[in-house]
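What the sequence shown shows, in our numbering, is residues 7 to 263, in sequence order.
The beta-carbon is built from N, C-alpha and C at its ideal position, and this holds for glycine as well.
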Amino acid sequence: MRIRRYGQFFLVVMALGVWGFSSAQGSERKPGASGLVDSQLSLEAGSGSVGLPKPTPGGVVVGPREVNAVIKDRVLIQKTVRRRWDQATPEERNQMLEMQRKLTGDRSQAINDLERQELLDRMNSRSRVIQPRDRRVVDSSEGSRESRPRMSQGQRRALREHVRDLAPADRQILRERIDELHALNEVDQSILRDQLQHLMSLSVEEREQLDDYRTRWQSMTPDEQDTFRQRMLQLREMSSGQRQELLDRALGDLPNN
C-alpha cells in the first residue's frame, strides 16, 4: 500500500512537472505574455541573467515574471522528488525508477510519432502535383518560388554559354523578354513553364514544324493574323466530330492530282 501511494505521488509530480513546462511552451503568443516559443530555458550561472531564456531568431521571449514562475515550479518539484527519494526504501526506489523509465519512454515515443508525421507531411507536400487551379496567384514582387523548377548544373552551364554567344541585339531582346516574364503573375508563369517543358520534349522534326509555323505567322499582316486567330478560336470551340467534318470538306475541295 505504501509503495502504491509513493508511486501515485511520483506520477502526479512527474505529470505536474511535464504539464508546467509544456504549458509554458504552448501558451498563446500574446504581446508581453507569450509562452516559451522557439526558445530554451537557460539556467547558466554568472552574468546576472540566471533563468532568462536565450532568444533564437524568430522566437518569442516571455517576460521575467513568467520565466521565474516556471523556474520556481521546477525547483519545487525537484526538491519534493528528492525528499521522497531520500525517504523511500530500495524497493520503493526501484518502483519510482521503473515509472520514470515508462514515462520517459512514452514521451520519446510520442516525440518520434510527431517527427514521423511531420516527415510524412513534408514528403507528401513535395510529391504533390500542383494543378493550375491550386496555384496561388501572387504578385511577382513577393518572389514566390513554390513551383519554380530547379535547373541542373549542366542546364545552367549550357544557358550561360548560349547567352554568352548571343549578339548584343539578341541580348537586349532577351532582357526585354525577362522583364515581361517578371510582369506575369504566378499562374501565367506556371502555364508558360509548362509550355516550355512541352517544347523541350518535342522531337527535332516537330520543332522544325513549329519553326515553320512561326515563320509563316510572322510573315502575315496584322489583319491576316487576326483572321487566323479567330479561325483557331472557332476550331477550339468545335467538337471533334465538327472538326473532322470541316477537315473532310476542306480536303474534298482540293483539286485531284
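Exercise for the section: Measure the alpha-carbon distance for residue 243 versus residue 249 and round it to whole angstroms. Expected result: As a working note, residue 243 is residue 237 in the sequence shown. As a working note, residue 249 is residue 243 in the sequence shown. Going from the Cα of residue 243 to the Cα of residue 249 covers about 9 angstroms.
Exercise for the section: Put residue 92 into one of helix, strand or coil per three-state DSSP. Expected result: Along the sequence shown, read from residue 1 onward, the residue named residue 92 stands at position 86. In the structure shown, residue 92 sits in a helix (DSSP, three-state: H, G or I).
Practice task
Tell me whether residue 238 is buried or exposed, calling it buried when 16 or more other Cβ atoms sit within 10 Å of its Cβ.
Solution key: As a position in the sequence shown, residue 238 is number 232, starting the count at 1. Answer is exposed; the Cβ neighbour count stays below 16.
Practice task
Using three-state DSSP, classify residue 253 as helix, strand or coil.
Solution key: Taking the sequence shown and counting its residues from 1, the one referred to as residue 253 is at position 247. Correct three-state label for residue 253: helix.
Exercise for the section: Go ahead and label residue 196 buried or exposed: buried means 16 or more other beta carbons lie within 10 angstroms of its beta carbon, across all protein chains shown. Expected result: In the sequence shown, counting from the first residue as 1, residue 196 sits at position 190. Buried is the call here.
Practice task
Please report how far the alpha carbon of residue 106 lies from the alpha carbon of residue 94, in whole angstroms.
Solution key: For the purposes of this step, residue 106 is taken as the residue at position 100 of the sequence shown. For the purposes of this step, residue 94 is taken as the residue at position 88 of the sequence shown. Their Cα atoms are separated by approximately 15 angstroms.
Handout entry: Cα-Cα separation between residue 205 and residue 252, rounded to whole angstroms
Key = The count along the sequence shown starts at 1 and reaches residue 205 at position 199. The count along the sequence shown starts at 1 and reaches residue 252 at position 246. If you take the alpha carbons of residue 205 and residue 252, they lie about 28 angstroms apart.
Practice task
Measure the beta-carbon distance from residue 169 to residue 187 and round it to whole angstroms, keeping in mind my assumption that it falls under 8 angstroms.
Solution key: Residue numbering aside, residue 169 sits at position 163 when the sequence shown is read from its first letter. Residue numbering aside, residue 187 sits at position 181 when the sequence shown is read from its first letter. In fact, because the Cβ distance is near 15 angstroms, the residues do not count as touching under 8 angstroms.
Problem - Terminal residues of the alpha helix (DSSP H) in which residue 221 lies - result: As a first step, residue 221 is located in the sequence shown; it is residue number 215 there, counting from the start. Looking at the DSSP string, the run of the alpha helix (DSSP H) that includes residue 221 is 210–224.
Handout entry: Local Cβ density within 10 Å of residue 226, reported as buried at 16 or more and exposed below that
Key = In the sequence shown, the residue the question calls residue 226 occupies position 220. When all chains shown are included, residue 226 counts as exposed.
Practice task
Return no unless some Cβ of chain D is closer than 9 angstroms to the Cβ of residue 83.
Solution key: Among the chains in the structure shown there is no chain D, since it carries only a single protein chain.
Exercise for the section: State buried or exposed for residue 192, treating a residue as buried only when at least 16 other CB atoms are found within 10 Å of its CB. Expected result: Sequence index remark: in the sequence shown, residue 192 carries index 186 (1-based). So residue 192 counts as buried.
Exercise for the section: For residue 105, name the three-state secondary structure that DSSP assigns. Expected result: Start at 1 with the first residue of the sequence shown, and residue 105 comes out as number 99. DSSP places residue 105 in helix when its eight states are reduced to three.
Practice task
Whole angstroms is fine: what's the gap from residue 146's alpha carbon to residue 194's?
Solution key: For this step, residue 146 is matched to residue 140 along the sequence shown. For this step, residue 194 is matched to residue 188 along the sequence shown. Interpretation of residue 146 is limited by its pLDDT of 44, a score under 50 that renders its predicted location unreliable; the figure taken from the coordinates is listed afterwards. Residue 146 and residue 194: Cα-Cα distance of roughly 11 angstroms.
Exercise for the section: Grab me the residues of residue 257's own chain with a C-beta within less than 6 angstroms of its C-beta, minus the 5 sequence neighbours each way, in chain order. Expected result: For the purposes of this step, residue 257 is identified with residue 251 of the sequence shown, where counting begins at 1. For residue 257, where only same-chain residues beyond five positions count, there are no Cβ hits under 6 angstroms.
Practice task
May I have the straight-line CA-CA distance separating residue 158 from residue 231, to the nearest angstrom?
Solution key: Here residue 158 refers to the residue found at position 152 of the sequence shown. Here residue 231 refers to the residue found at position 225 of the sequence shown. Their backbone Cα atoms lie some 38 angstroms apart in a straight line.
Practice task
Indicate whether residue 202 and residue 190 have their beta-carbon atoms separated by less than 9 angstroms.
Solution key: Indexing the sequence shown from 1 puts residue 202 at position 196. Indexing the sequence shown from 1 puts residue 190 at position 184. Not a contact, by the Cβ cut-off of 9 angstroms.
Exercise for the section: Go ahead and pull the three-state DSSP assignment for residue 206. Expected result: Within the sequence shown, the letter at position 200 stands for residue 206. If DSSP states are grouped into helix, strand and coil, residue 206 belongs with the helices.
Handout entry: Boundaries (first-last residue) of the alpha helix (DSSP H) holding residue 233
Key = In the sequence shown, residue 233 corresponds to position 227, counting from 1. Segment 228–243, the alpha helix (DSSP H) holding residue 233.
Exercise for the section: Note the first and the last residue of the continuous alpha helix (DSSP H) segment covering residue 185. Expected result: Walking along the sequence shown from the start, residue 185 turns up at place 179. Start and end: 174–189.
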